[in-house]
Amino acid sequence: MRIIEKNGATVRTLTGAEEEMLAAFVAGTLAGPRVLQANQWLMKVRSANHWLGCDCRREAMPILNVSLNGNTGTLFLRNNPDTAEHAAGCAFSKDERASPANTDSQAAPAAWLAPDTPLRLLGDFRPSEAAAAGGSGESTQRRTQSRLLSLLLSWIEASGLNFYATHLKKDLSAQFAELRAVAARYPLLERVPASNYLQTRLDMKHMMMLKTRLRESSAFGEHRRHGLLLDCVERIEGRKVVTARNEEGFDFQGHHLLWGGSRTSGPLLALALYSPATSGSHFYELIHIASVPVLSRAHLFPVYRDEEREPLKALVSLIDWMAGKGVKVQMRRPVIGAEVMDELVLTSDQDRVLSVSLLEEPVGPEPEVEHFKRYADFKSPETFRKFVAGFFMRER
């Protein structure tokens, strides 16, 4: 058995003691301090973004990754899909193999989360005897992971960040104030408002402040203590989230949940769960992170794909220009429950409605509305701009 880079390059071969410990971990025969030792060792492998390669076959190496059940804090080994099967009798051959169907099921569609209902974003730690089994409760894990993205989108919708009108323009502080106000209506657990354990800046100072508040809190009772960190970040790569104030970034141990299921460059509005990863630990860390691309660090309007950013900035500028001419146009992007998430709906005070897509390739079915236009169908940005301005300003 060896530790490998994701490109297949060998980092080092495991010692005999490490391989014996790993086999016992998979078999569930470790006990006492040995369980903690194995978990700490596996966490180091996972944090380094490495995989494990099994030497049970010479012609093709079976590959395993270290997976984390973020609800229970349980680490377990999983065979990578589309890699070789283990040789008969290999100690790692009985592990469940992640199939494409299982992978897809993790990307559950986001849904509106109603306020005043306990979120239960993380499950409680299981007793150590059950945790040693590892890997169970995966369906629950996926549901709770998707709730974090649903929560971020619900907050965007409820705070109006997906709505733009010149006369309602807010600076960055006001936009985050709206998010904090919405968070007050979402309890993490019964009678534990999310806003009480929410920091709207991701840096070491605010992480330590949140950790202190969580450790001193009696509100969680016997439940797992956890809080939330919300910030506009530069990018998320591998298992690291990078901010404008810290280029080294911060590690997270769980999953990165993407709006639309596709990576988009920053800036991103990111919501992270902050909690101990294992029972009894006083070390708090980032678990799962959900992100939604936004127009800019100053304007947290959601962006569906990178290619939208420049034409969307031009569209915002055009709306401001029309407002100066006395024509009030509002723009809204549905972020939950819409069939076509790249759709932008523009309306004016004269009841004119225009639906536009700024993508070159359509996403989903074309909206069944009378006036729908694709940016890619116009010869130039200026032609598109003139059409939109003419649509709302004619007969004025």
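Just so you know, the sequence shown maps onto residues -5 to 390 in the working numbering. Beta carbons are placed, not taken as given, at the ideal position from N, Cα and C, and that holds for glycine.
How about residue i and residue j: do their beta carbons lie closer than 8 Å?
i: serine 342; j: valine 310; result: no
i: isoleucine 330; j: alanine 105; result: yes
i: leucine 348; j: phenylalanine 385; result: yes
i: tyrosine 268; j: histidine 217; result: no
i: methionine -5; j: aspartate 49; result: yes
i: leucine 147; j: alanine 188; result: no
i: proline 305; j: leucine 352; result: yes
i: leucine 107; j: serine 140; result: no
i: asparagine 43; j: leucine 69; result: no
i: proline 56; j: alanine 78; result: yes
i: histidine 249; j: serine 285; result: no
i: alanine 213; j: valine 176; result: no
i: glutamate 228; j: threonine 237; result: yes
i: isoleucine -2; j: leucine 8; result: no
Within the same chain, show all residues whose beta-carbon is closer than 7 Å to that of residue i, passing over the 5 residues directly before and after it, in chain order.
i: arginine 195; result: Asp225
i: asparagine 59; result: Trp45, Arg72 and Asn74
i: glutamate 13; result: Met(-5)
i: tyrosine 369; result: Pro305, Val350, Ser351, Leu352 and Phe378
i: glutamine 169; result: Leu155 and Leu294
i: arginine 326; result: Asn156, Phe157 and Val339
i: glutamate 360; result: Phe366
i: lysine 307; result: Leu289
i: asparagine 240; result: Asp197
Assuming residue i contacts residue j under a Cβ cut-off of 8 Å, what Cβ separation, rounded to an integer in Å, is found between them?
i: arginine 72; j: serine 61; result: 5 Å
i: phenylalanine 119; j: serine 273; result: 4 Å
i: proline 191; j: leucine 183; result: For the record, residue 191 in the displayed sequence is tyrosine; it is not proline. Going by Cβ atoms, the distance from tyrosine 191 to leucine 183 rounds to 10 Å, so no, they are not a contact pair.
i: leucine 142; j: leucine 265; result: 6 Å
i: aspartate 197; j: threonine 258; result: Aspartate 197 to threonine 258, Cβ: 23 Å. No contact.
i: tyrosine 298; j: glycine 254; result: 6 Å
i: arginine 179; j: aspartate 110; result: 6 Å
i: leucine 173; j: serine 153; result: 5 Å
i: leucine 312; j: valine 382; result: 6 Å
Taking only three categories from DSSP, how would you classify residue i?
i: asparagine 33; result: helix
i: tyrosine 298; result: coil
i: tryptophan 45; result: strand
i: glutamine 169; result: helix
i: methionine 55; result: coil
i: threonine 272; result: coil
i: asparagine 190; result: helix
i: alanine 82; result: coil
i: proline 109; result: coil
i: aspartate 197; result: coil
i: glutamate 151; result: helix
i: serine 349; result: strand
i: glutamate 279; result: strand
i: phenylalanine 19; result: helix
i: alanine 11; result: helix
i: leucine 251; result: strand
i: phenylalanine 366; result: strand
i: leucine 309; result: helix
i: glutamate -1; result: coil
i: alanine 25; result: coil
i: alanine 292; result: coil
i: valine 60; result: strand
i: aspartate 98; result: Unreliable positioning characterises aspartate 98 in this predicted model, as indicated by a pLDDT of 34, which lies under 50. A coordinate reading is not provided.
i: phenylalanine 119; result: coil
i: aspartate 245; result: strand
i: glutamate 304; result: helix
i: glutamate 354; result: coil
So if DSSP puts residue i in a beta bridge, which residue, or which two residues, is it bridged to?
i: serine 87; result: According to DSSP, which records beta bridges pairwise, serine 87 is partnered with nothing at all.
i: glutamine 324; result: Ala159 and Thr341
i: glycine 221; result: Tyr268
i: threonine 237; result: Asn240
i: cysteine 226; result: Leu263
i: serine 211; result: BP columns for serine 211 are empty, so no partner.
i: proline 330; result: Per the sequence presented here, residue 330 reads as isoleucine, with proline not at that position. Looking at the DSSP assignment, isoleucine 330 forms no beta bridge with any residue, so it has no partner.
i: threonine 4; result: Ile(-2)
i: arginine 72; result: Asn59
i: valine 286; result: Leu263
i: proline 375; result: BP columns for proline 375 are empty, so no partner.
i: glutamate 231; result: Lys234
Within a Cβ cutoff of 6 Å, which residues of the same chain sit near residue i, ignoring the five residues on either side of it in sequence?
i: aspartate 314; result: Thr160
i: alanine 124; result: For alanine 124, the predicted model reports a pLDDT of 39, less than 50, meaning its position is unreliable; a value from the coordinates is still stated below. Here the set comprises nothing.
i: arginine 207; result: none
Excluding five sequence neighbours on each side, which residues of the same chain lie with their C-beta closer than 8 Å to the C-beta of residue i?
i: alanine 21; result: Ala85
i: lysine 0; result: Asn43, His44 and Trp45
i: glutamine 247; result: Met37, Arg40, Ser41, Leu62, Gly64, Arg233, Ala271, Glu279, Leu280 and Ile281
i: arginine 397; result: Past the edges of the chain, shown from -5 to 390, lies residue 397, and the structure says nothing about it.
i: alanine 171; result: none
i: phenylalanine 372; result: Phe378 and Phe381
Indicate, with yes or no, if the ligand ATP has a heavy atom lying under 7 Å from the CB of residue i.
i: lysine 0; result: With respect to the ligand ATP, the structure shown offers nothing to examine, as it has no ligands at all.
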